[in-house]
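Numbers 1 to 158, taken from the UniProt record's numbering, label the letters of the sequence shown in order. Yeah, the Cβ is synthetic: ideal placement off N, Cα and C, and Gly gets one too. Since the model is a prediction, treat every value here as computed from it, not as a measurement.
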Amino acid sequence: KLTPNPNQQDTSPTEITKPTPPTYTNVNLPQLSLPVFNGDPRQWREFWSSFNAAVHSQTILEIQKLSYLISCLKGSALQAVRGFDIAPENYEVVRKLLTEKYGDSSMATKLLYNELKSIKRNEKEWIEAVEKRERIFRQLEVLGENLEHSSKESVVES
């Protein structure tokens, strides 16, 4: 005679439920314009995040990605990629060149600290100065700067 073992788990097949896919609402949003990058390292992260979402992560041809990327560049960023043919093999080359040149967070950090030092104490425009400092502090935090460190306090006090 067989007796059930109370410690044995039930191994009978159970019903598997599939998760329901999310429901999306079809909304006619205005078309987003592509971001522009002028070569300021402080703006690279914001530019690349937008460009990545709009173009880089899309399943389109490399030559199209390169055309879009170059169309978004101005100033020194555009000068940095002058001379590259619009060819599919150049998209990754141009993307890496821009990332190496402008994606260095230490350069952006240095520029932000310089900007912070240049903010003048002006009683008439103190709200604007406070807002500028807060913006810079937020950007520095995103770049991984420890704003609690005592050597940074001298920048704020100047």
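Proximity test, residue i beta-carbon vs the ligand COA heavy atom, cut-off 7 Å
| i | result |
| --- | --- |
| Val94 | Looking for the ligand COA in the displayed structure turns up nothing, as the structure carries no ligands at all. |
Residue i versus residue j: straight-line alpha-carbon distance, rounded
| i | j | result |
| --- | --- | --- |
| Asn146 | Arg138 | 11 Å |
| Ser150 | Leu78 | Only weak support is given to the placement of Ser150: the predicted model assigns it a pLDDT of 38, under 50, and the value that follows is read from those uncertain coordinates. C-alpha separation (whole angstroms): 39 Å. |
| Gln31 | Arg121 | 41 Å |
| Leu34 | Gly75 | 16 Å |
| Arg135 | Ile70 | 29 Å |
| Glu92 | Gly144 | 27 Å |
| Gly103 | Ile119 | 25 Å |
| Thr17 | Met107 | 51 Å |
| Ser67 | Glu148 | 43 Å |
| Lys65 | Val130 | 40 Å |
| Lys101 | Pro19 | 44 Å |
| Glu128 | Thr23 | 43 Å |
| Gly39 | Arg133 | 22 Å |
| Val142 | Phe84 | 32 Å |
| Ser49 | Lys96 | 15 Å |
| Glu89 | Val27 | 37 Å |
| Leu29 | Phe47 | 21 Å |
Cβ separation of residue i and residue j, assumed to be a contact under 8 Å, to the nearest whole Å
| i | j | result |
| --- | --- | --- |
| Ile63 | Ala80 | Ile63 to Ala80, Cβ: 19 Å. No contact. |
| Phe37 | Gln43 | 6 Å |
Residue(s) in a DSSP beta bridge with residue i
| i | result |
| --- | --- |
| Phe37 | Leu73 |
C-beta neighbour in chain C for residue i, strict 8 Å
| i | result |
| --- | --- |
| Arg135 | Absent here is chain C; the protein component of the structure consists of one chain. |
- Query: Does the region 114-122 come within contact of the region 50-57, defined as at least 3 CB pairs closer than 8 Å?
  - Reply: no
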